[in-house]
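Protein chains in written order, with the numbering used here: chain A, 1 to 494; chain B, 495 to 981; chain C, 982 to 1076.
Where is the CB? At the ideal position from N, CA and C, for every residue including glycine.
Everything below concerns the one structure shown next.
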Amino acid sequence: MTALTDLGIAAIRNGVRDGDFSAREVAEAFNAAVAAARPLNAFLVETPDHALAAADAADQARAAGETLRPMAGVPIGMKDLFCTKGVPTTAASHILEGFTPEYESTVSQNLWNAGAGMLGKLNLDQFAMGSSNETSYFGDVISPWRRNDGGNAPLAPGGSSGGSSSAVAARIAPGATGTDTGGSIRQPAAFVGISGIKPTYGRCSRWGTIAFASSLDQAGPMARDVRDCAIMLEAMAGFDAKDATSLDLPVPNWEGQLNASLAGKRVGIPKEYRVDGMPAEIEALWQQGIAWLKDAGAEIVDVSLPHTRYALPAYYIIAPAEASSNLARYDGVRYGLRDLPDGANLQEMYARTRAEGFGDEVKRRILIGTYVLSAGFYDAYYTQAQKVRTLIARDFERAWEVCDVLLTPTAPSAAFALGEKSADPLAMYLNDVFTVPSSLAGLPAMSVPGGVDASGLPLGLQVIGKPLDEQGVLNAALAIEERAGFTARPAKWW
Amino acid sequence: MADASTPFRIKGATGDWEVVIGLEVHAQVTSNAKLFSGAATTFGAEPNTQVSLVDAAMPGMLPVPNRECIRQAVRTGMAIDAQINKWSRFDRKNYFYADLPQGYQISQLYHPLVGEGAIEIEVGDDTKTIGVERIHVEQDAGKLMHDQHPTRSYVDLNRSGVALMEIVSRPDMRSPAEAGAYLTKLRSILRYVGSCDGNMDQGSMRADVNVSVRKPGEEFGTRTETKNVNSIRFVMQAIEHEAARQVEVIEAGGRIVQETRLFNPDSGTTRSMRSKEDAHDYRYFPDPDLLPLELDEAFLDECRASLPELPDVKRARYEGLGITPYNAQVLTAEVESARWFDALLDAGAKPAAAANWVTSELFGALNRLGKSIGESPVTPGQAAELLALVADGTLSGSLAKQVFEAMLETGDAPGKIVEERGLKQTSDTGAIEAVIAEVLAKNPGQLEQYRGGKVALFGFFVGQTMKAMGGKANPAVVNDLLKKALG
Amino acid sequence: MSVDTATVRRIAGLARIAITDDEAARLAPELGNILDWIEQLGEVDTAGVEPMTAVIPNHLRLRDDVVTDGGVRDKVLANAPQAEHGFFTVPKVIE
């Protein structure tokens, strides 16, 4: 008999609806799994009562013969970047330690409105800045995966949504929210062998989501398969008048329209994503992905996105610039940490509070951002980066003339060991090489597991789609999922 | 101070200096809610009670612009004949201060909502056009209080996020008087348009004063900026002081530093603001939480159609009705007076006489009573009635004054007062002749002197007649009949 | 683009992040490397290209002028490190 914690979102939803088990049983099982998985350091705060309350509501509704809400009975993990009312929210930073929001983010409220319950707040890279979950003030998240070399080196779960990816991969949550600014849903999903989608910019409201880079941040679901992601994204997305960048469009029935047949569809293979030094296994997986999509009926087309290699440097100007301004509010005046040495004045309080409260990577990015916006450099850096961004978006627009989706690897490597890349910030930034271009262009993009490498670690494939075509992305991802037959799961080392 | 015909100069040791003045006015927009949040904007509320989580810059909060604030800025731009930019953008101005919760102010640097316009001013008999470079909208900051506690400052964010229009003049002014005239005119326009109440003492209109000096004909000198001056009088004082200070510094061999200064109203002087930070590197960049602002023709049409008759146009119309330029200027200086006067004209009063009466009698009375025209006990309708009673001969000038006093006291209509108090003047020739006969009979001595050539005594007989009739005789008729009776 | 420690201190000052001399010395080459790498953007010919202003085509929505918020002082002050009499408090500022 399948453990309840082996079930995904669809299975739980359907099982509760059909009376196979109660929502409470599900919540209890996951609460216990969460409590038993503390060595992963995936959760910063556990909220078992929230999950139980939502479960009880689902059970009562079912008993009363009501139509159940779309995610009734499903407990999920909430990345600690979403403000949750009455529950401490830290963005994994010392500067927000103790901050308890008096308000609920739109995305999390949407999920509670859909009937979901919260298992707890998930660890992440501090202020969503990182690709390995090694910048959290509250310690690294450790991937549930180990290499098969018997070495037991703790591995990075990817970042910034490392707590989310670990929780789902470890089966301690059937789904989790993530956010993606330059790849922070897709890359961790790839590292731990789960699925994750970043929707079109503006699909999910950013109100109540702690801002990193406003023109790039997007919330999205992370779950074990494409269908689960579709279900969860439907619940998360929707127009919000409180967010001026929110798209005023109805949320499509993504789950209902899932279709793994790609007959009549064209899949573009961008040649610039074949980078120097790319591991042979990744290239092989890419080829395998192409074959699978062909098998699903798609026509394969070679395309060129000429400005691809400028995407990372453009991103590392634009994102830090926006972040340097978005994080100016963390100053010790109205909430969070205040470091006020005796006799210090206001400006000194700011400087000490922020020095004490921000981690190294956050400081680095704030400094880069401040630098590129400063007098004399603005045009050369920021304006130039925004122009390059236009060119990158145009590259994609041209590609859409000859294809409907693009297929690329998600990450340039499998998960690396914790500590392996943290010495050189630049080396860490290169992790985002495949995910950043679609972030800059605001396009929907998804990672699905394609296979494992020689060390037994998951490798992911990325599907990128046209603006507002999450359906096209989900469908192509489903076609891969059905053919990849990915069943590998991490052996429980904790 | 020089009069309009001789230019304003600071007399220095090395000769005469010209003053160059530019003004940046921050005007709080009249609206119910703030520029980017739904909190209220009313003045004087309890601290932090008009603050939304957006204004407090809580994590994850986002701005959404208020249509009315945009509309008011557009209407203001139209009122000064400025170019309205259908495409404009919001930029963040980044700096750290306790009254700025986000650590940046949402403003418009690169692409403001309103472009170049102009305001006409009068100094003495001269008219001058002062250019306006731009108007943009931005957030106001909160308030810090430094005198409530020995070691702490208190932060109230009620004002944080209220919409401001920043109205930037070209450096076209050359004297404190011109600056004063510009601010007076601008304030009047804002109040006509209804986009700002112009209450400088409440801080809803503040001026940053840019001053530099130069020898006439030379290049512009380095300017200083004196911030947040909150009265027109203080602005003029600040200019005088700062210009004189700059001349002194230069003539002593020093150089003017481009810096921010504060005006102290008690001493009438400016001083440098102590600021350890970088020469203000605000790192402006487009606010990524907001898209560019695009206005369509329908929006602009509505703004244009909603504008009232503006002061200069109204003044010209009054002059066209036969009102003196002086009276027209006085009547249109304040929008409330102009609207009151328009109502008076609508009630049928004759323009020239009405203008004279309002500017002397009504304004005199209101000053005496310490009331504004909005608090006038007399309505335009009642005033029109009073003026009509004078025009048709029912009341003499002096009787009208009596009636007016009674109107001020009771708030009653003049007709009612005249009836109740029997204040009609009489033109009854028979009655007047009878009284004249009596007066002449009672004053034989003066009559003889008059007949003997002392013609000045005519006034005495007029006075006696008026007195005997309780002031209610029509003076013109008295004059005629007296002349006849005296032969 | 090499970045000297004086520049690092200036930027840290603008960003209100106190740094020690050691930190400045460590950060200078780190930031320099990153900035060097970013420099390559200068290669791209962007003549006639507009900087991106809206990621996905959308129009800026304007709100109605209605008071819908505020009157939540307790919430506003709930997480304040220091508050008194309805105000946030900070070290006294001398202007």
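Establish whether the CB of residue i and some CB of chain C are separated by less than 8 Å.
i	result
residue 781 of chain B	no
residue 398 of chain A	no
residue 556 of chain B	no
residue 436 of chain A	no
residue 520 of chain B	no
residue 543 of chain B	yes
residue 564 of chain B	yes
residue 585 of chain B	no
residue 795 of chain B	no
In angstroms, rounded to a whole number, what distance separates the CA positions of residue i and residue j?
i	j	result
residue 272 of chain A	residue 1012 of chain C	27 Å
residue 770 of chain B	residue 404 of chain A	In this predicted model, residue 770 of chain B has a pLDDT of only 45, less than 50, meaning its place in the structure is not dependable enough to derive any value.
residue 1047 of chain C	residue 561 of chain B	10 Å
residue 230 of chain A	residue 523 of chain B	46 Å
residue 401 of chain A	residue 298 of chain A	16 Å
residue 600 of chain B	residue 558 of chain B	11 Å
residue 822 of chain B	residue 867 of chain B	16 Å
residue 471 of chain A	residue 781 of chain B	31 Å
residue 816 of chain B	residue 609 of chain B	36 Å
residue 130 of chain A	residue 644 of chain B	44 Å
residue 256 of chain A	residue 121 of chain A	30 Å
residue 723 of chain B	residue 733 of chain B	11 Å
residue 91 of chain A	residue 616 of chain B	59 Å
Quick one: residues in its chain with C-beta nearer than 6 Å to the C-beta of residue i, no 5 flanking neighbours on either side, listed in chain order?
i	result
residue 534 of chain B	544
residue 292 of chain A	480, 483
residue 155 of chain A	143, 145, 415, 417
residue 1070 of chain C	1063
residue 719 of chain B	702, 704, 754
residue 537 of chain B	696
Is the shortest distance between the beta-carbon of residue i and the beta-carbons of chain B less than 8 Å?
i	result
residue 370 of chain A	yes
residue 322 of chain A	yes
residue 147 of chain A	no
residue 1045 of chain C	yes
residue 995 of chain C	yes
Residues in its own chain within less than 8 Å of residue i by CB, not counting five upstream and five downstream?
i	result
residue 495 of chain B	Bear in mind that a pLDDT of 46 at residue 495 of chain B, under 50, signals an unreliable position, so the number given afterwards is only what the model happens to contain. Excluding residues within five positions, the ones whose Cβ falls inside 8 Å are 502, 669, 670, 671.
residue 635 of chain B	591, 593, 594, 599, 653, 654
To which residues does DSSP link residue i through a beta bridge?
i	result
residue 1019 of chain C	BP columns for residue 1019 of chain C are empty, so no partner.
residue 143 of chain A	Beta-bridge pairing links residue 143 of chain A to no other residue.
residue 601 of chain B	B/585
residue 650 of chain B	B/637
residue 628 of chain B	B/662
residue 614 of chain B	B/623
residue 80 of chain A	Looking at the DSSP assignment, residue 80 of chain A forms no beta bridge with any residue, so it has no partner.
residue 1072 of chain C	B/646
residue 464 of chain A	A/406, A/445
residue 175 of chain A	A/223
Identify, in the order they occur along the chain, each residue of the same chain with its Cβ nearer than 7 Å to the Cβ of residue i, setting aside the five sequence neighbours on each side.
i	result
residue 971 of chain B	921, 923, 926
Are the C-beta of residue i and some C-beta of chain A separated by less than 8 Å?
i	result
residue 496 of chain B	With a pLDDT of only 49 at residue 496 of chain B, under the threshold of 50, the placement of this residue in the model should not be trusted; the figure read from the coordinates follows. No, residue 496 of chain B lies away from the interface with chain A (no Cβ there is under 8 Å from its Cβ).
residue 636 of chain B	no
residue 1061 of chain C	yes
residue 1010 of chain C	no
residue 987 of chain C	no
residue 739 of chain B	no
Taking only runs that begin and end inside the region 497-582 of chain B, name each unbroken alpha helix (DSSP H) of 4 or more residues, in chain order. 561-573
For the region 749-802 of chain B, which segments carrying the alpha helix (DSSP H) assignment without a break, of at least 4 residues, lie completely within its bounds, in sequence order? 791-799
Residue ranges of each beta strand (DSSP E) run of no fewer than 3 residues wholly in the region 669-754 of chain B, ordered along the chain? 699-708, 718-723
Inside the region 415-452 of chain A only - beta strand (DSSP E) runs reaching at least 3 residues: 445-452
Which ranges does the alpha helix (DSSP H) cover as unbroken runs of at least 4 residues, wholly within the region 181-234 of chain A, from first to last along the chain? 186-192
Taking only runs of the alpha helix (DSSP H) that begin and end inside the region 912-959 of chain B, which ones reach a length of at least 4 residues, in chain order? 923-936, 938-945
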